[in-house]
Amino acid sequence: MQFLFILLNLFGILSVSPAQIVEQPDPLRPSTPDSTKADSSKVVKTDSVKAKPAPVTPAFRYRLSADGTITAGNVSRALLQLAGAVDYQLSDYFKLSTSPSFVYGQQNGFLAEREWFDDFRMTYRHEKRLYYLAFGSFERSNLRQIDRRWTVAGGAGYKVINRKRAYLSVTNVLLQEFTDFVELNDINIFRNSTRLFGEYIFGGDRYVVTHTAFYQPAIGQYNVRWNATLSVQIKLTPTTSLRSTLANAYESLVVPGRKNNDLRFTIGLVYEKK
């Protein structure tokens with residue numbers, strides 16, 4: 001398997017990372033104009049039956065990305081990052097999605113990062129400009145000393161631009177969060193979460209630029225979380241791309257001895273099948 005061989009050699013890829021962060025990976029588009037949505041080229045016509053749209057076939061799409069590095073000498077470091085995005089389109093109305101990620105890192109023989117994130121989303125009317133979503137997620141972070149964080153949320157999204165080579169959407173949800181810190185008291189709060197997501201394609205599908213930004217203030221108290229990523233992707237084969245990502249995450253409430261802000265820059269490979 002060529003892809004497994006690539007994964008096993010990802011530690012040789014450049015990665016500059018002062019500190020890893022738990023973040024929500026880039027999702028796949030809620031829909032694309034050339035997706036399985038019926039159009040004029042998918043119409044069934046007969047002499048005796050009125051033209052009808054062809055039935056929608058359930059669609060499965062996924063993207064896997066990985067990067068890592070190993071250094072030895074005065075500073076010994078090992079880092080592995082894996083992320084994915086999976087969509088299963090049940091119909092023109094319902095779609096199921098998940099965007100898991102995992103980060104593991106050691107510095108001079110000590111565990112530095114062991115970061116988990118996973119979510120499960122259901123989107124209603126995903127082919128429409130105005131759509132609705134509900135989701136739950138789980139996070140765990142050694143870097144930020146979070147033993148577990150659960151969230152459940154529901155809200156709506158709006159596609160500002162929805163073209164084959166340009167996409168921009170805004171979502172806003174009401175989110176309930178329970179966080180179990182290792183050293184701080186647990187918190188159970190509500191947040192308003194706003195996400196801006198964009199994807200732009202250039203050079204005959206060879207170059208892809210994506211950005212994702214979340215802003216999540218607590219309701220009724222000062223407790224703010226936000227993160228943002230900017231990625232540039234260069235296609236190497238029809239399914240494999242080289243990708244560089246700049247990411248930043250901020251939390252106003254952290255355990256003693258931890259910084260509020262984390263920044264990272266990585267380069268890795270992406271395997272995507274649509």
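Just so we're aligned, residue 1 is where the sequence shown starts under the working numbering, counting upward by one. Glycine is no exception: its CB is placed at the ideal position from the N, C-alpha and C atoms.
If you draw a straight line from the Cα of LYS273 to the Cα of ARG77, it comes to about 32 angstroms.
If only uninterrupted beta strand (DSSP E) runs of at least 3 residues are considered, those enclosed by the segment 79-144 are 94-98, 101-107, 110-124, 130-141. With fewer than 16 neighbouring CB atoms inside 10 Å of its own CB, TYR222 falls in the exposed class. Burial state of ARG149 is buried, judged by a 10 Å Cβ sphere holding 16 or more other Cβ atoms.
GLY198: member of the beta strand (DSSP E) spanning 187-202, first to last residue. When DSSP states are grouped into helix, strand and coil, ASN162 belongs to the strand group. By the C-beta criterion, the segment 121-136 is judged to be in contact with the segment 94-107, since at least 3 inter-stretch pairs fall below 8 angstroms.
LYS164 has its alpha-carbon roughly 46 angstroms from the corresponding atom of GLY257. Cβ-Cβ distances below 7 angstroms link ARG206 to ILE234, LYS235 in the same chain, with the five nearest sequence neighbours on each side left out; the list follows chain order. The criterion of a C-beta distance shorter than 8 angstroms is satisfied by ALA166 and TYR200.
Annotated three-state conformation of LYS235 is strand, per DSSP.
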